[in-house]
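Worksheet for the structure shown next.
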Amino acid sequence: MIKYIYIGFVGLFLLGCKRQDHELSFDIQKQVILNCNSNPIDNLTIKNDSIKSNNFAVEAGLLIYWSGEISVRIPNELDLSNIPSGYIIRQGGRIYEGNKYVFKPNSSYTIKKFGGGRSEFYLRVWTDSLGKVVKTTHPKCGLQSLDSGEEMYQG
Numbered sequence: 000m001i002k003y004i005y006i007g008f009v010g011l012f013l014l015g016c017k018r019q020d021h022e023l024s025f026d027i028q029k030q031v032i033l034n035c036n037s038n039p040i041d042n043l044t045i046k047n048d049s050i051k052s053n054n055f056a057v058e059a060g061l062l063i064y065w066s067g068e069i070s071v072r073i074p075n076e077l078d079l080s081n082i083p084s085g086y087i088i089r090q091g092g093r094i095y096e097g098n099k100y101v102f103k104p105n106s107s108y109t110i111k112k113f114g115g116g117r118s119e120f121y122l123r124v125w126t127d128s129l130g131k132v133v134k135t136t137h138p139k140c141g142l143q144s145l146d147s148g149e150e151m152y153q154g
């Protein structure tokens, strides 16, 4: 009987330790990527969905990942115009120089958060003629990832 009580407690403990899945939103007013739960933004990819007339991508994808000090808290919000120094940025497999990324004008992007054994989370953004994000699939938290058949939301 004690064995079953012990197994029950261990099972309840493990259920309580379930990590939250990734969830992002894009704040159009502030032009920042926001994490919707307690998971920091430690791994992120940004892919320009636009293609040239020759069917090649307009630009190589961007990989942003945290490589800063363990004692420093990883941000829950990411402003691409001022990326903190703890991040390593790669574009097309090469180190990206600088700490500022500017979206291309009149483009659409898929942003994906991944890692930590959790399921990936996708959202999309669209830019205007100046490269400013004017529309997103996820203007607020609480929406499902695009890979789960999410409908289009506009901010």
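Numbered according to numbering that gives the first Met the number 0, the sequence shown terminates at residue 154, and the numbering increases by one at each position without gaps. Note that the Cβ used here is the ideal one computed from N, Cα and C, for glycine as well.
For residue i, the residue or residues it bridges with in DSSP
i, result
"Val-124", "Tyr-108 and Thr-135"
"Val-31", "Asp-26"
"Glu-76", "Leu-33"
Local Cβ density within 10 Å of residue i, reported as buried at 16 or more and exposed below that
i, result
"Lys-139", "exposed"
"Val-57", "exposed"
"Val-133", "exposed"
"Phe-102", "buried"
"Leu-129", "exposed"
Contacts around residue i, its chain only, beta-carbon distance under 7 Å, and the 5 residues preceding and following it disregarded
i, result
"Ile-87", "Tyr-64 and Ser-66"
"Asn-54", "none"
"Tyr-108", "Ile-45, Lys-46, Asn-47, Asp-48, Phe-102, Arg-123 and Val-124"
Beta-carbon spacing of residue i, residue j below 8 Å
i, j, result
"Lys-112", "Leu-43", "yes"
"Gln-34", "Ile-27", "Reading off the sequence shown, one finds Asn at residue 34, where the question assumed Gln. Cβ atoms of Asn-34 and Ile-27: not closer than 8 Å."
"Thr-126", "Asn-105", "yes"
Residues near residue i in its chain [Cβ-Cβ closer than 8 Å; skip 5 each side]
i, result
"Gly-60", "Thr-44, Ile-45, Lys-46, Asn-47, Gln-90 and Gly-91"
Contacts around residue i, its chain only, beta-carbon distance under 6 Å, and the 5 residues preceding and following it disregarded
i, result
"Asn-98", "Ile-82"
> Can you give, in chain order, each stretch of the beta strand (DSSP E) that sits fully within the region 34 to 102 and has at least 3 residues?
Replying inline: 42 to 47, 61 to 65 and 86 to 90
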